[in-house]
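As structure tokens, the structure follows; a few thoughts come after it.
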Amino acid sequence: AQSVTQLDSHVSVSEGTPVLLRCNYSSSYSPSLFWYVQHPNKGLQLLLKYTSAATLVKGINGFEAEFKKSETSFHLTKPSAHMSDAAEYFCVVTKAAGNKLTFGGGTRVLVKP
Amino acid sequence: ETGVTQTPRHLVMGMTNKKSLKCEQHLGHNAMYWYKQSAKKPLELMFVYSLEERVENNSVPSRFSPECPNSSHLFLHLHTLQPEDSALYLCASSQEAGLAYEQYFGPGTRLTVT
């Protein structure tokens, strides 16, 4: 079985400050991990994915995430938040083969001017 | 906007109605998916189609009936729904089924069952 926990349901940051979204996963096999973003009234967009290559993964829009097996974590970071980063972010885990993505509960990010 | 479109964007229906949600992808993909996004619950995979054949059905009630007439179109037929079925229904597609391939999502249909 696999599961994913996003530790914060809401995160509020000021524009220009760093963003940290926390994600812990549970998996009985080597997982693949993803971060998706969902802007209001839009579908989900893939930010980045980890599939057992480099543990530090760079994604779109300046985001990156680090896979830490010892901590079973895959936290998402960005050095400097922009107003357009206000959205909901989903951490996703799955096994290497198969079709099923398991989504976390989401973290809603608010960016203050 | 992505290459995946969904219609209608909003739907209100009574419990005795029959309606259909439509998804179309313009990306030349071979796999399509239906997801349900409820308030305060994680996104749930409902169905997976690969080359018009259903390859996964995640214990979805029979009042939801998917149809994939070709690799570009996916429908979700709804009948005798319950209020707890109110949610955002998202369609996605990928080059092939399987997680090596990125899924592209549509904007969703916001369904309200009264």
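Protein sequences, first through last, are from chains X and G. Throughout the first sequence, residue numbering follows the numbering used here, covering 282 to 394 in sequence. Throughout the second sequence, residue numbering follows the numbering used here, covering 6 to 119 in sequence. We put the CB at the ideal spot given by N, CA and C, even for glycine.
Comparing C-alpha positions only, which one of the options sits nearest to residue i?
i                 : options                             : result
His356 of chain X : X:Val392, X:Ser284, X:Tyr306        : X:Tyr306
His34 of chain G  : G:Ser76, G:Val65, G:Tyr94, G:Phe110 : G:Ser76
Leu288 of chain X : X:Arg303, X:Ala282, X:Asp366        : X:Arg303
Val374 of chain X : X:Ser365, X:Gln326, X:Thr332        : X:Thr332
Leu16 of chain G  : G:Val9, G:Lys24, G:Thr10            : G:Lys24
Ser99 of chain G  : G:Thr12, G:Glu57, G:Asp90           : G:Glu57
Phe315 of chain X : X:Glu352, X:Val285, X:Ser351        : X:Val285
Gly343 of chain X : X:Pro360, X:Leu337, X:Ala334        : X:Pro360
Helix, strand or coil, according to DSSP, for residue i in the structure here?
i                 : result
Ser98 of chain G  : strand
Val350 of chain X : The sequence given here has Lys at residue 350 of chain X, not Val. Three-state result, Lys350 of chain X: helix.
Pro88 of chain G  : helix
Ala44 of chain G  : coil
Thr388 of chain X : strand
Ser76 of chain G  : coil
His15 of chain G  : strand
Return the Cβ separation of residue i and residue j in integer angstroms, given the expectation that the two are a contact with Cβ distance under 8 Å.
i                 : j                 : result
Leu26 of chain G  : Phe80 of chain G  : 7 Å
Tyr106 of chain G : Ala97 of chain G  : The Cβ separation is near 11 Å, so there is no contact.
Ala368 of chain X : His320 of chain X : 5 Å
Short of 6 Å in beta carbon distance, which residues of its chain neighbour residue i, apart from the five on each side in sequence? Order them along the chain.
i                 : result
Glu6 of chain G   : The predicted position of Glu6 of chain G is uncertain, since its pLDDT is 47 and thus under 50; no value can be drawn from it.
Tyr54 of chain G  : Met37, Cys73
Gln283 of chain X : Ser308, Val374, Thr383
Can you give me the Cβ contacts of residue i inside the same chain, cut-off strictly under 8 Å, excluding the 5 residues immediately before and after it?
i                 : result
Glu49 of chain G  : Tyr40, Lys41, Gln42, Ser43, Asn63
Lys393 of chain X : Ser293, Val294, Ser295, Glu296
*What are the complete beta strand (DSSP E) segments, minimum 3 residues, inside the region 293-372 of chain X?*
300-302, 304-308, 312-319, 325-331, 337-339, 345-349, 354-359
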